[in-house]
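**Q** All the letters of the sequence shown, read from the start, carry residue numbers 1 to 163 under the UniProt record's numbering.
By construction, the Cβ of each residue, glycine as well, lies at the ideal position given by its N, Cα and C atoms.
All values reported here derive from a predicted model rather than from experimental measurement.
Have a look at this one.
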Amino acid sequence: MTTIFINASPNKEGMTSKWGAKVLEGIDYERIDLVDFHIAQLGQVKANDDFDAVMDRLAKANYVVIGTPIYWWDISGLLKTFIDRWTELFQIGLDSENAPLHQLPVLWIVQGAAPEEAIPGIERMLENISKRFMMDSQGILYQKKQISEANRQLKQMLVDKNK
């Protein structure tokens, strides 16, 4: 079973990365730091774009954790650009078994010191994105106290799937 952590923070050693590592502690996973890839804005794609390479890795995943810091009451620009590019998946058909996100379990990590009022809007957006792309949302973690429970649940889910 392949588990992937997508770190959408420009700071590869920041709190988003640390929360992701804690959620996945004791679990074998692959890490993708979006800051290491050139993913162009929708409509500005050039030959040196890495979107397909990241999506190819994601297509092999059985579980994904996507972490983002909160910047200016929203997800990071790195994650926003990456999600905007998911629009290209409409050409495949979102309900197709070939669609890389179809029924993919996803846990979102939203980390930052933004006002609490930012969280409901971000939650709505990420839940809608999960539904639109037919992902299996495992929830949104935005408080440090949720980390150990998320780790326990993820480990249990992986054990159950391997039975």
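(1) Rounding to the nearest angstrom, what Cα-Cα distance links W86 and V159 in this structure?
(2) Between T3, G67, Q91, N62, which has its C-alpha nearest G14's C-alpha?
(3) I need the straight-line Cα distance from Q138 to A53, nearest angstrom please.
(4) Establish whether the CB of G93 and some CB of chain D are separated by less than 8 Å.
(5) For L107 versus L79, is the C-beta spacing smaller than 8 Å?
(6) By DSSP, does F82 sit in helix, in strand, or in coil?
(7) Hey, out of Q143, P120, I109, R132, whose CA is closest to V64's CA?
(8) Could you tell me which residues DSSP puts in a beta bridge with P69?
(9) Can you check DSSP and say which residues form a bridge with N7?
(10) Looking only at its chain, what residues have a beta carbon closer than 8 Å to the beta carbon of M134, apart from the 5 residues adjacent to it on each side?
(11) Going by C-alpha distance, which of E127, N162, P10 is nearest H38?
(12) Based on the DSSP secondary-structure assignment, which residues constitute the bridge partners of D74?
(13) If you measure between the beta carbons of L126 and D84, is that distance less than 8 Å?
(14) Please list the terminal residues of the continuous beta strand (DSSP E) segment that includes S137.
**A** By the coordinates alone:
(1) 30 Å
(2) G67
(3) 25 Å
(4) No chain D is present in this structure, which holds just one protein chain.
(5) no
(6) helix
(7) I109
(8) Q111
(9) D33, G67
(10) L94, D95, A99, L101, H102, Q103
(11) P10
(12) Y71
(13) no
(14) 136-141
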